[in-house]
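Structure, as C-alpha cells:
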C-alpha cells in the first residue's frame, strides 16, 4: 500500500525521486493528495485543524489542540491556547498576533486595567499608553490622543503616578 502522505513532503522516499517531482505546492502541506489523473491537490493551511477532514487518512485533523474552558482562545496558526483574559490585552500572546485581532469593546472592558478600542475596531490598547509620544494603535493612527483629556484627569492615571 502506498503512503500518499510521503508524496511532496520534501523527503525523497523513492529511489528515483519521483515522489518529489512535479510538486507544485508552494508551502509545506500535511497531505498533498495524489489524484487519479496523477496531479496533486494540496490543501490550504486554513484547512488544517479546522474540524473538517480534508485528507484521505484524516491527517489534517490529527494532533490538533482543543482548548479547555479556562483556555478558551486558540491561536490561529499554532497549537496554543491562551486564557480569555489574554485575548485583546494589548500584548501578542500568540506568535501570529491572532489574540489581538478582531477585538470588541466588551473584550477591552474585561481587563483589570483600563483599555480602549482603536478606531480600526480590532485592537485594544491600554489607556496608560494614551497620550504617549508614540501611537500604540496599528498603522500609526492618533486614536490614543482622543482619550488624553479624559484620561489625564482620571483617578486611574493619578494612582499610576
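Numbering (the working numbering), first residue to last: 993 to 1153.
Ideal Cβ positions, reconstructed from N, Cα and C, are used throughout, including at glycine.
Query	Result
Please identify the residue among 1054, 1076 and 1109 whose C-alpha is closest to the C-alpha of residue 1096.	1109
Check for me: the beta strand (DSSP E) holding residue 1116 runs from which residue to which?	1116-1118
Using the three-state DSSP reduction, which class does residue 1100 fall into: helix, strand or coil?	helix
Leaving out the 5 sequence neighbours to the left and right, which residues in its chain are closer than 6 Å to residue 1019 when beta-carbon positions are compared?	Residue placement at residue 1019 is poorly supported in this model, since its pLDDT is 49, which falls under 50; the coordinates are not used for a value here.
Report the residue from 1116, 1114, 1074 and 1052 whose alpha carbon sits nearest the alpha carbon of residue 1087.	1074
Specify the secondary structure class of residue 1009 as computed by DSSP and reduced to three states.	coil
Quick one: Cα of residue 1115 to Cα of residue 1076, how far?	15 Å
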